[in-house]
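The structure under discussion appears below in the form of structure tokens.
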Amino acid sequence: MATDFWASSHYKRWIVDRATLRQARADDLLYIDDPEHLDFLAIYFADRKLGKKLGLPQRAIATATVFFRRFYLKNSYCETDPFIAIAACCYVAAKAEECPVHIKNVVQDARQIFGSQEHYNVKNFPSDNSKLAEMEFYLVDDLECDLIIFHPYRTLLALCKSGDVSDDPGDEEEAGEVGVGIASDDGPRYWGTGQGQLELPHNGLQSAWFIVNDTYRSELCLLYPPHLLAIAALYMTCVFHPATAARLASASASAPSGPGAPAADPPPRRSSRQAAERKQPAQDPLAFLAALNVSLPLVATVAQEIIAMYALWERYKEDAAGADPGGTPDSRGRTTAAS
1 MATDFWASSH YKRWIVDRAT LRQARADDLL YIDDPEHLDF LAIYFADRKL
51 GKKLGLPQRA IATATVFFRR FYLKNSYCET DPFIAIAACC YVAAKAEECP
101 VHIKNVVQDA RQIFGSQEHY NVKNFPSDNS KLAEMEFYLV DDLECDLIIF
151 HPYRTLLALC KSGDVSDDPG DEEEAGEVGV GIASDDGPRY WGTGQGQLEL
201 PHNGLQSAWF IVNDTYRSEL CLLYPPHLLA IAALYMTCVF HPATAARLAS
251 ASASAPSGPG APAADPPPRR SSRQAAERKQ PAQDPLAFLA ALNVSLPLVA
301 TVAQEIIAMY ALWERYKEDA AGADPGGTPD SRGRTTAAS
């Protein structure tokens, strides 16, 4: 497995621009009146019900979603069956993430979920296992056998002190890994010690985790490297999560008011044991993010696109006639999702 994102096929072949996305949807635009409906389809087909029914961890579900997005960079919705493509993506992603499921179970669960009148009401999903196996070959061919996917979860857990998302089925697979996209020559490294990591208030990391989950409802995973999505999720947590925002306000209030402000008195000399036991000052989350080796204007751009995605999601739910595809950040800074 490639451990360097910048040398991987993910970065070299599968980070595209918006012109490529528009070209991929050129045939579909002939059959719709409003281009926004294609964005609605991106939300609609990112449903996680099949992955959860199969018992896949969150990382495998995210991998299946990326496979689906990549497949439709080369194909159109109007000329393929997206539902068998979803099933094939889940089947291949389970293999790629080393949590395989039997093809018979995939077909059975897909027929049950997609045939439900409550969700999809698709009555023509094939019951023959060979149809899904055939679709698997078409999928892997269009993916050019590039099955290694880098996700924002890895950077998120590398930057933050974990322990806040222990109930997520996919978190333990990412813990302890070095953050992808963070330069290796930026000073002392503290991996494994908890030092040099951002310590968020209660549920802060979980809020960022949910925001990362929600980004898979859009095509952001094709436009930006995963570490930028993770940092943008942390930035949004600092703004929208109440406890984190309160800490940020407290840090801003206690900071010197200007360049001429007097410096704090140096602490008294202590023994090494006393120095080791003294309480560390509260972190400033924005100062932590500003110290990262990333472009902050680009992070702000990604955050704006995530906010725009939530606005699109609200319009989708209003047009869904009773469907509930997911949610947006609530007053606690986390999101709600029906699937």
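Straight run, no breaks: the sequence shown in full-length UniProt numbering ends on number 339.
Virtual Cβ for every residue (Gly too), placed ideally from N, Cα, C.
Short of 6 Å in beta carbon distance, which residues of its chain neighbour Arg-18, apart from the five on each side in sequence? Order them along the chain.
Correct list: empty, nothing qualifies.
Could you say which of Lys-74, Leu-205, Tyr-216 lies nearest to residue 426 if we only look at CA atoms?
Residue 426 falls outside the range modelled here, since the chain spans only 1 to 339, and no answer is possible.
Taking the alpha helix (DSSP H) that Ala-300 belongs to, which residues open and close that run?
Per DSSP, Ala-300 belongs to the alpha helix (DSSP H) from 296-319.
Just to confirm the assignment, what range does the alpha helix (DSSP H) spanning Leu-228 have?
Where Leu-228 is concerned, the enclosing alpha helix (DSSP H) stretches over 226-240.
Residues bridged to Leu-198 (per DSSP)
Bridge partners of Leu-198: Cys-160.
Nearest to Gln-197 by alpha carbon, out of Phe-240, Ala-291, Ala-7, Phe-150?
Ranking Phe-240, Ala-291, Ala-7, Phe-150 by Cα distance to Gln-197 puts Ala-291 first.
If you draw a straight line from the alpha carbon of Pro-100 to that of Pro-126, how long is it in whole angstroms?
Taking the straight line joining both Cα atoms gives about 21 Å.
Report the CB separation of Leu-93 from Thr-63 in whole angstroms; it is logged as a contact under 8 Å.
Strictly speaking, residue 93 in this sequence is Ala, with Leu absent from that position. Their Cβ separation, rounded to whole angstroms, is 4 Å, which keeps Ala-93 and Thr-63 in contact under 8 Å.
To which residues of the same chain is Ile-113 closer than 8 Å at the C-beta, ignoring the five residues directly before and after it?
Taken in chain order, the residues that qualify are Lys-49, Leu-50, Lys-53, His-119, Tyr-120.
Among residues of its own chain, excluding the 5 on either side of Leu-222, which ones have a beta-carbon nearer than 6 Å to its beta-carbon?
Closer than 6 Å at Cβ, skipping near neighbours: Val-16, Arg-69.
Tell me the DSSP secondary structure of His-119 in three-state form.
When secondary structure is reduced to three states using DSSP, His-119 falls in the coil class, being assigned neither helix nor strand.
Please determine, among Arg-111, Ala-88, Ser-116, the residue with the shortest C-alpha to C-alpha distance to Ile-141.
Checking the displayed sequence, the identity of residue 141 turns out to be Asp instead of Ile. Ranked by Cα distance from Asp-141, the options Arg-111, Ala-88, Ser-116 are led by Ala-88.
Just to confirm, are Ala-24 and Tyr-72 a CB contact at a threshold of 8 Å?
The Cβ atoms of Ala-24 and Tyr-72 lie closer than 8 Å to each other.
When you compare the CB positions of Val-212 and Leu-156, do they come within less than 8 Å of one another, or not?
It is a contact, given that the beta carbons lie within the stated cut-off.
Close beta carbons around Ile-86, own chain, < 7 Å, minus the five adjacent residues each side:
Once the five neighbours on either side are set aside, the close Cβ partners of Ile-86 are Phe-45, Leu-50, Phe-68.
Hey, could you find the ends of the alpha helix (DSSP H) Ile-113 is sitting in?
Element bounds for Ile-113: 103-114.
Considering only the alpha carbon of each residue, which of Ala-233, Pro-226, Ala-96 lies closest to Leu-205?
Nearest C-alpha to Leu-205 among Ala-233, Pro-226, Ala-96: Ala-233.
Who are the Cβ neighbours of Asn-129 in its own chain at under 7 Å, not counting the five residues just before and after it?
The answer, listed in chain order, is Ile-103, Lys-104, Val-107.
Tyr-44 - containing alpha helix (DSSP H), residue span
Per DSSP, the continuous alpha helix (DSSP H) segment holding Tyr-44 begins and ends at 36-44.
Who are the Cβ neighbours of Ala-7 in its own chain at under 8 Å, not counting the five residues just before and after it?
There are no such residues.
For the alpha helix (DSSP H) that His-10 lies in, which residues bound it at each end?
In this chain, the alpha helix (DSSP H) harbouring His-10 covers 9-13.
So, for Ser-9: in the same chain, excluding its five sequence neighbours on each side, which residues have a beta-carbon less than 8 Å away from its beta-carbon?
Contacts found: Ala-2, Glu-144, Asp-146, Ile-148.
What would DSSP say about Leu-30, mapped onto helix, strand or coil?
In this structure, Leu-30 counts as helix in the three-state DSSP scheme.
Can you give the beta carbon distance from Tyr-153 to Arg-13, rounded, assuming they're within the 8 Å contact cut?
In this structure Tyr-153 does not touch Arg-13 by the C-beta definition: roughly 22 Å separates them, more than the 8 Å allowed.
Rounded to the nearest angstrom, how far is the Cβ of Leu-289 from that of Tyr-235, given a contact under 8 Å?
6 Å between Cβ atoms; contact.
With respect to the alpha helix (DSSP H) encompassing Arg-22, which residues constitute its N-terminal and C-terminal limits?
In the DSSP assignment, Arg-22 falls within the unbroken alpha helix (DSSP H) covering 18-24.
Do Leu-200 and Val-302 count as a contact pair if the criterion is CB distance below 8 Å?
Their beta carbons are not under 8 Å apart, which means Val-302 does not touch Leu-200 by this criterion.
Determine the direct distance from the alpha carbon of Thr-237 to that of residue 415, and round the result to whole angstroms.
This structure does not reach residue 415, given that the chain is present from 1 up to 339, and the question cannot be answered.
So, at 7 Å on beta carbons, what are the nonlocal neighbours of Val-122 in its own chain, with the 5 sequence-adjacent residues on each side left out?
Taken in chain order, the residues that qualify are Phe-83, Phe-114, Gly-115.
Residue burial classification, Ala-133 (beta-carbon count within 10 angstroms, cutoff 16)
It counts as exposed.
8 Å Cβ cutoff met for Glu-98 and Leu-220
With respect to the 8 Å criterion, Glu-98 and Leu-220 are not classified as neighbours on the basis of their beta carbons.
Are the CB atoms of Pro-225 and Tyr-31 nearer to each other than 8 Å?
Result no, Cβ atoms of Pro-225 and Tyr-31 do not sit closer than 8 Å.
For Ala-230, which residues from the same chain have a beta carbon less than 6 Å from its beta carbon, with the 5 sequence-adjacent residues on both sides left out?
Cβ within range, chain order: Pro-152, Thr-155, Leu-156.
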